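Respectively, the protein sequence lines represent chains A, B, C and D. Using my numbering, read the first sequence as starting at 1 and increasing by one per residue. Using my numbering, read the second sequence as starting at 1 and increasing by one per residue. Using my numbering, read the third sequence as starting at 1 and increasing by one per residue. Using my numbering, read the fourth sequence as starting at 1 and increasing by one per residue. Glycine included, every Cβ here is placed at the ideal spot set by N, Cα and C. What you are looking at is a predicted structure, and each value in this text was computed from that prediction instead of being measured.
There are 4 protein chains.
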Amino acid sequence: MDRVEDTVVRASFASDNTAPATPEVMEALVVANRGPQPAYGKDEITARLERRFADLFEHEVAVFPVATGTAANALALSACTTPWGLIYCHRLAHVHEHEAGAPEFYSGGARLVALDGPDGKLALAALQQELDAAGFGVVHESQPQAVTITQASEAGTLYRIEEIKAIADLVHARGMKLHMDGARFANAAAALGVAPADLTWRAGVDIISFGATKNGALAAEAVIAFDPALGLSLAFRRKRAGHLLSKQRYASAQLEAGLIDGRWLAWARHANAMAARLAQGLTALGCASLDFPVEANEIFVRLPEKVLAGLEADGFAFHRRPAPNQQLIRLVTSWNSATEGIDGFLARAQHHAR
Amino acid sequence: MDRVEDTVVRASFASDNTAPATPEVMEALVVANRGPQPAYGKDEITARLERRFADLFEHEVAVFPVATGTAANALALSACTTPWGLIYCHRLAHVHEHEAGAPEFYSGGARLVALDGPDGKLALAALQQELDAAGFGVVHESQPQAVTITQASEAGTLYRIEEIKAIADLVHARGMKLHMDGARFANAAAALGVAPADLTWRAGVDIISFGATKNGALAAEAVIAFDPALGLSLAFRRKRAGHLLSKQRYASAQLEAGLIDGRWLAWARHANAMAARLAQGLTALGCASLDFPVEANEIFVRLPEKVLAGLEADGFAFHRRPAPNQQLIRLVTSWNSATEGIDGFLARAQHHAR
Amino acid sequence: MDRVEDTVVRASFASDNTAPATPEVMEALVVANRGPQPAYGKDEITARLERRFADLFEHEVAVFPVATGTAANALALSACTTPWGLIYCHRLAHVHEHEAGAPEFYSGGARLVALDGPDGKLALAALQQELDAAGFGVVHESQPQAVTITQASEAGTLYRIEEIKAIADLVHARGMKLHMDGARFANAAAALGVAPADLTWRAGVDIISFGATKNGALAAEAVIAFDPALGLSLAFRRKRAGHLLSKQRYASAQLEAGLIDGRWLAWARHANAMAARLAQGLTALGCASLDFPVEANEIFVRLPEKVLAGLEADGFAFHRRPAPNQQLIRLVTSWNSATEGIDGFLARAQHHAR
Amino acid sequence: MDRVEDTVVRASFASDNTAPATPEVMEALVVANRGPQPAYGKDEITARLERRFADLFEHEVAVFPVATGTAANALALSACTTPWGLIYCHRLAHVHEHEAGAPEFYSGGARLVALDGPDGKLALAALQQELDAAGFGVVHESQPQAVTITQASEAGTLYRIEEIKAIADLVHARGMKLHMDGARFANAAAALGVAPADLTWRAGVDIISFGATKNGALAAEAVIAFDPALGLSLAFRRKRAGHLLSKQRYASAQLEAGLIDGRWLAWARHANAMAARLAQGLTALGCASLDFPVEANEIFVRLPEKVLAGLEADGFAFHRRPAPNQQLIRLVTSWNSATEGIDGFLARAQHHAR
């Protein structure tokens, strides 16, 4: 162990879920706690939140705060499909890979159809081909009813407005609904620098899971329906799933804290900048290979084993992919990633790569 | 409007869900937020919580923090039954009256059988009669598999240890499981002054929904399985229901804050004492009629319309029952009910009753 | 054992499900088997059946043949409700007592609310009281969505047209749907002597399970939707439940065999007449007590133990109710109950009663 | 139209579901109809059937007759998996392509994982690769629990005993269950000429859907569990799915008719022979291309458009695949395919190919 190490900040790049909550979110909880408030979302914070979301999206919205992204996705998709529906997604989608069957549970048995596409994004051609081959109206086959895209994607890449529009046009032409998993919607909106409305309903998104937990909250997500018809059943679906919080004001307060003065975008912008700095440094190493373009706050990079082993011994936290891809790691930055942490990681990587 | 009114604290007796969180819970959140922590319950707070629950219950336990009581109940019951099961409960049980079909959803279609019983408690004789008539093993009939009791009950009353034991013996003799909805378990344990173990597994309870939200937390409950076999599927059930919190440490911190130095019992003891003071004062009015004995922190009382209307005009918050029982109201006290609020309410009630 | 016994026909009154199929149904199978036919209901027999049902009911209908009454009921109810729905039925209803949770399974978790009512029939007042107390639109409660009545009822009694209309008016006024379990609809229509249309859609029935198995078929029932909106999902629901028969022509042929020349009514009329003869004879015994008026083909009668034991020893087949009602038996007649069987039973009963 | 056409038998190769029932099956129905029999499978025909199946498979079995293959498959798979399970199958499997979500419905939301493999058969290597990458025990992922193979496959090909054993060994080593969709098990057993036991439990199959409808019955399939543990829940699962036939004796009679004197194998052997004759003739045409080896009673062949159009104009029935594969057709033979039909088809094909 050499001297440099002692002064390095041992940053965690394991997940934006390991980061703490922002001071503004914590302060909002303190404020929300000042006195009694009506239960089950009848409170004034929730009322304000609904207006803020309508303003943010420049559209009438139905807002359903919940505690997890898995719940948000499963609820949203269940409102878009029957139990005999087909839901198309990218093979890497969180709903497909890491929600343990929640979409199937909430929908009563709808089936996910996992499609390939470069850079972790659903490919329009692949979707079109699949829909062309689908048995719409054929009683022997599950029925195509929804498509879900993840923004930012699970590969840390972004759908451009035109890409979303093209998918939405195809989806709507077949009478289906378009859902957006926005667990990292903030990172996407911050990176693309366009209005949330342009990235969602104006591009054809019918319903979104709006994430806050990964972006500075403790536990707060929201299903936001732009299509009023989709909102009708969601109040009942949420309650019977045990996701109507009795003291919902605390979840609403977390969400609201981000919406004030565009903080949610500032937090995400910082995370994105830290990822860019990290990616730049990794590229400069000469021995690193990026799997995807770095467009938001996630980096998928392959490094020599000795570098990885060294960084692990140093105490940095990150996830390796399972064998045989254990040299591929995911690095995630967050609102509180520090320049020192990034630079310390890079310095040690350079050290190990020598 | 007279002079007395000006100095009255306009207390809310609408629900223990309207009360804020305790300072200790808020402080625990601040501490939990000091740095990064592993996601999905791999954090050290959760690890400590599990040990504290094992100590509290003097038994090995499987602990599953979730955000709502409805989720806790539905998850616990789903682990006790097949989709063709029967779950027996009191007619007033929260799972039957106010969970919008969550037990059916989580269990995949099990049926609740609502039974009557005095003072909001499941009557042993009624349960026995029902089980005697049930078609155990008959393929044409749903199968008896679980019983759920609520402690404290929805009527604000308490099951004594012997009552729980008698039900448990009957339940286990038929090969069924016993669940306890402990949304207000703290109030029960504080009022009865017995060990949590005596009120649960030692009396035959297989699994409990341990509530904290109504007792000073923001949003934190826990499914606690005493029967290890029941815990096996719960990790998967919780995840696919969207109730595995990515930043679970914050829920664990809320629960832990209560378990330190017996605070959870102190908070509940205060709530119970306030309910007793309120009940005593109401009885002294001469015009009030209690529907049930007041044993925990809930009061069901009938008052003359002029008294109710007066209290409402004063600004006190409480719930009337639906017609034709609109003169029956529910008053709930909490950890932060103040003596002044109780006395102010009673003074105004006396004023209106004149 | 005395001499009379030797010549007695040992009739079975256990169930109309124990009776064989009619010669006409068997002949229809032979005819249907004469050559290849398109699969999955695209055959000409099914096409004819649909026209015959439309003629019979004087209404456009969507017809879905299935193999069992449980499937017909569960499919029909699932089209009338969401997973968080409430379905009101009589406490004795087959869907409540003898379908092992099929309605819950098919609906994705809807709840049956069992109501009392004299003579096995849903009482309008009880239904109205229940609906008045229901939390329509309240997110914490399951939502009232359907009512199901059984015609002829499980008590062997009949709803008159005005009774159905009164229930239907109440049901429709609350935005709900009315289903009729017509496992013994033939017996009802034959006994009441009114047009099938008058007993169903003209009285407000939205969807019916039309039974044939108990009335001379091998295995053939049909879900018949009068409300076209209810039919839309049923094709998919039936297929994914495994109830779309690949060689559906054979089920259609069984159903069609009954619809030719009013045979279905003739078969049921015979069964009803045999039940009437049996009831008359039992009453004449002096020691028998009927639980319900005998209006169709079922009799619920209490007899002295020595009579019951004697009849059982004689070899007659019938079902006793479970303890403590084991002296209450159900006697069911069918299209092939013979006068000799009835009279033999009565003679032996008289013998044992001496 | 030329002269030859007038004497050609216009055979149907659309499906073995379009074929009539065998005389022996029809006769069995007549015999079963001779008098009253206990309902719900308590009859003597069902009792005999269970013994015959035990004899046939040389193993204790739990037998559950049902009306459709979709029901048999969905029931069997539901007994092998939890709602959060993964079920691996070939991409062409009937459960994946043509059951409209029945496996998801019956299992409560388990997910099918469709794998590729040559000749319509699940490839061991593909399965192994998938299982190696699966997250056994990882709470964020659906859990691998069952594999289903189709014998004969949807491509009309056969798994050899060693192939089944290899899959079964892999499956059991991971604690999973192996299901066989035997809708055309008769064709497989007849073609391979080995004992049913060798093709099933001795090779590691835990449960089979045993088909009869495509092999001469009207509507009769059976779930047969070799693993007694799998049979435990099936009685309840079947009933609540509406697949317990009240007059089950008629389904049992159809199944039994095939088991007498090895008829089921004789019928299938004939169908196989007709397919072989047809394949041989097609190959001789010179312009035909087979997609898969013809091993049972299904042929997938590509023919010039003029030949296909000519045969369609002649009135032969067969299915084209959807665009862009509309020149690929499926030809299915059955127990009653006639040599004249085969030869007539071939003669006309030759005529059109000129």
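Along chain C, which residues have their Cβ under 9 Å away from the Cβ of Leu244/A?
If you number the first sequence from 1, residue 244/A lands on position 244. Within 9 Å Cβ-Cβ: Val139, His140.
Proximal residues to His351/A (C-beta, below 6 Å), its chain only, five neighbours per side dropped:
Locating residue 351/A in the first sequence gives position 351, counting from the first residue. Excluding positions up to five away in sequence, the list is empty.
Quick check on DSSP: helix, strand or coil for Ala11/C?
For the purposes of this step, residue 11/C is taken as residue 11 along the third sequence, with counting starting at 1. Three-state DSSP puts Ala11/C in coil, outside helix and strand.
Roughly how many angstroms separate the alpha carbons of Arg160/C and Arg184/C, rounded to a whole number?
To locate residue 160/C, count along the third sequence from 1; it is residue 160. To locate residue 184/C, count along the third sequence from 1; it is residue 184. So the alpha carbons of these two residues sit roughly 15 Å apart.
Given this structure, state the Cα-to-Cα distance separating Thr339/D from Arg269/D, to the nearest angstrom.
In the fourth sequence, the residue the question calls residue 339/D occupies position 339. In the fourth sequence, the residue the question calls residue 269/D occupies position 269. Approximately 14 Å, taken between the alpha carbons.
Less than 8 Å between CB atoms is the rule here; does Phe53/A satisfy it with respect to chain D?
On the first sequence, position 53 is the one that residue 53/A refers to. Not one chain D Cβ lies under 8 Å of Phe53/A.
Give the residues of chain D in contact with Tyr20/A, contact being defined as C-beta atoms less than 9 Å apart.
Here residue 20/A is taken as the residue at index 20 of the first sequence, counted from 1. Residue 20/A is actually Pro in this sequence, not Tyr. Near Pro20/A there are no residues of chain D at all, since even the closest Cβ is about 22 Å away, more than 9 Å.
Flag this pair as yes or no: are the beta carbons of Ser142/B and Arg111/B separated by less than 8 Å?
The residue given as residue 142/B occupies position 142 in the second sequence. The residue given as residue 111/B occupies position 111 in the second sequence. Their beta carbons are under 8 Å apart, which means Ser142/B touches Arg111/B by this criterion.
Spatial neighbours of Ala126/A in its chain, beta-carbon cut-off 7 Å, leaving aside the 5 residues before and after:
Here residue 126/A is taken as the residue at index 126 of the first sequence, counted from 1. Closer than 7 Å at Cβ, skipping near neighbours: Leu115, Asp116, Gly117.
Please classify His98/C as buried or exposed, where buried requires at least 16 neighbouring CB atoms within 10 angstroms.
Position 98 of the third sequence, counting from 1, holds the residue named residue 98/C. The residue in question, His98/C, is buried, as its Cβ has 16 or more Cβ neighbours within 10 Å.
Taking Cβ-Cβ distances shorter than 8 Å, what residues in chain A pair up with Leu29/B?
Residue numbering aside, residue 29/B sits at position 29 when the second sequence is read from its first letter. What Leu29/B touches in chain A: Met26, Leu29, Leu218.
Provide the residue span of the alpha helix (DSSP H) that contains Ala338/A, from first to last.
Sequence index remark: in the first sequence, residue 338/A carries index 338 (1-based). No alpha helix (DSSP H) holds Ala338/A; DSSP gives it neither H nor E.
Are the beta-carbon atoms of Leu290/B and Phe300/B separated by less than 8 Å?
For the purposes of this step, residue 290/B is taken as residue 290 along the second sequence, with counting starting at 1. For the purposes of this step, residue 300/B is taken as residue 300 along the second sequence, with counting starting at 1. It is a contact, given that the beta carbons lie within the stated cut-off.
With burial defined as no fewer than 16 other Cβ atoms inside 10 Å of the residue's Cβ, what is the status of Glu50/B: buried or exposed?
If you number the second sequence from 1, residue 50/B lands on position 50. Under this definition Glu50/B is a buried residue.
Quick one: does Phe136/D have its CB under 8 Å from some CB of chain B?
Position 136 of the fourth sequence, counting from 1, holds the residue named residue 136/D. Phe136/D does not count as touching chain B.
Among the residues of its own chain, which have a CB less than 6 Å from the CB of Thr355/A, if the five just before and after it don't count?
No answer is possible for residue 355/A: the residues shown for chain A start at 1 and end at 354.
Counting only beta-carbon separations shorter than 8 Å, does Arg321/C have a partner in chain D?
In the third sequence, counting from the first residue as 1, residue 321/C sits at position 321. Judged by the 8 Å Cβ criterion, Arg321/C is not in contact with chain D.
For Cys287/D, which of helix, strand or coil comes out of DSSP?
For the purposes of this step, residue 287/D is taken as the residue at position 287 of the fourth sequence. Here Cys287/D sits in coil by DSSP.
For Met176/C, tell me which candidate among Asp198/C, Ile342/C, Ala188/C, Gly204/C has the shortest Cα-Cα distance.
Here residue 176/C is taken as the residue at index 176 of the third sequence, counted from 1. Checking every option, the nearest Cα to that of Met176/C belongs to Gly204/C.
Taking the continuous beta strand (DSSP E) assigned at Lys177/D, which residues delimit it?
By 1-based counting over the fourth sequence, the position of residue 177/D is 177. Counted as a single uninterrupted DSSP element, the beta strand (DSSP E) harbouring Lys177/D occupies residues 177-182.
So, at 6 Å on beta carbons, what are the nonlocal neighbours of Ala134/D in its own chain, with the 5 sequence-adjacent residues on each side left out?
The count along the fourth sequence starts at 1 and reaches residue 134/D at position 134. Within the same chain, Ala134/D has close Cβ partners Pro144.
CA-CA distance, Leu192/C and Gly262/C?
For the purposes of this step, residue 192/C is taken as the residue at position 192 of the third sequence. For the purposes of this step, residue 262/C is taken as the residue at position 262 of the third sequence. Rounded to the nearest angstrom, the two C-alpha atoms are 15 Å apart.
Rounded separation between Asn336/B and Ile342/B - CA only
In the second sequence, residue 336/B corresponds to position 336, counting from 1. In the second sequence, residue 342/B corresponds to position 342, counting from 1. Approximately 11 Å between the Cα atoms of the pair.
Under 9 Å (Cβ pairs) to chain B, residues found in the segment 227-242 of chain D
Ser233, Ala235, Phe236, Arg237, Arg238, Lys239, Arg240
What are the boundary residues of the beta strand (DSSP E) that includes His90/A?
Residue numbering aside, residue 90/A sits at position 90 when the first sequence is read from its first letter. It spans 85-90 - the beta strand (DSSP E) in which His90/A sits, taken as one unbroken run.
Can you find a C-beta in chain A that's less than 8 Å from the C-beta of Phe300/D?
For the purposes of this step, residue 300/D is taken as the residue at position 300 of the fourth sequence. No, its Cβ sits nowhere closer than 8 Å to a Cβ of chain A.
Since Val223/A and Leu232/A should fall inside the 8 Å C-beta cutoff, what is the C-beta to C-beta distance between them, to a whole number of angstroms?
Residue numbering aside, residue 223/A sits at position 223 when the first sequence is read from its first letter. Residue numbering aside, residue 232/A sits at position 232 when the first sequence is read from its first letter. In fact, because the Cβ distance is near 13 Å, the residues do not count as touching under 8 Å.
State the start and end residues of the unbroken alpha helix (DSSP H) segment that holds Phe316/B.
Counted from its first residue, the second sequence places residue 316/B at position 316. Element bounds for Phe316/B: n/a, residue is neither H nor E.
Along the segment 98-114 of chain D, where does the CB come closer than 9 Å to a CB of chain B? Name the residues.
Gly108, Gly109
Using a Cβ-Cβ cut-off of 7 Å (strictly less than) and excluding sequence neighbours within five positions of Pro293/A, which residues of its own chain qualify?
Taking the first sequence and counting its residues from 1, the one referred to as residue 293/A is at position 293. Within the same chain, Pro293/A has close Cβ partners Asp119, Thr157.
Who pairs with Leu115/B in a beta bridge, going by DSSP?
The residue given as residue 115/B occupies position 115 in the second sequence. By DSSP's assignment, Leu115/B forms a beta bridge with His90/B.
Less than 8 Å between the C-beta atoms of Asn17/B and Ser246/A, yes or no?
Locating residue 17/B in the second sequence gives position 17, where the first residue counts as 1. Locating residue 246/A in the first sequence gives position 246, where the first residue counts as 1. Taking 8 Å as the Cβ cut-off, Asn17/B and Ser246/A qualify as a contacting pair.
Going by CA-CA distance only, name the one from Arg202/D, Ala220/D, Leu170/D that's closest to Phe210/D.
Position 210 of the fourth sequence, counted from the first residue, corresponds to residue 210/D. Closest by alpha carbon: Ala220/D.
May I ask which residues mark the beginning and end of the alpha helix (DSSP H) holding Phe64/B?
Sequence index remark: in the second sequence, residue 64/B carries index 64 (1-based). Here Phe64/B belongs to no alpha helix (DSSP H); instead the beta strand (DSSP E) covers 62-66.
Beta-carbon contacts of Arg240/B that lie in its chain and below 7 Å, excluding the five residues immediately before and after
On the second sequence, residue 240/B is found 240 positions in, with the first residue counted as 1. The answer is none, since no qualifying residue turns up.
Under a Cβ-count criterion, where at least 16 other Cβ atoms within 10 Å of its own Cβ denotes burial, should Ala323/A be classed as buried or exposed?
Within the first sequence, the letter at position 323 stands for residue 323/A. A residue is called buried once 16 or more other Cβ atoms fall within 10 Å of its Cβ, and Ala323/A, having fewer, is exposed.
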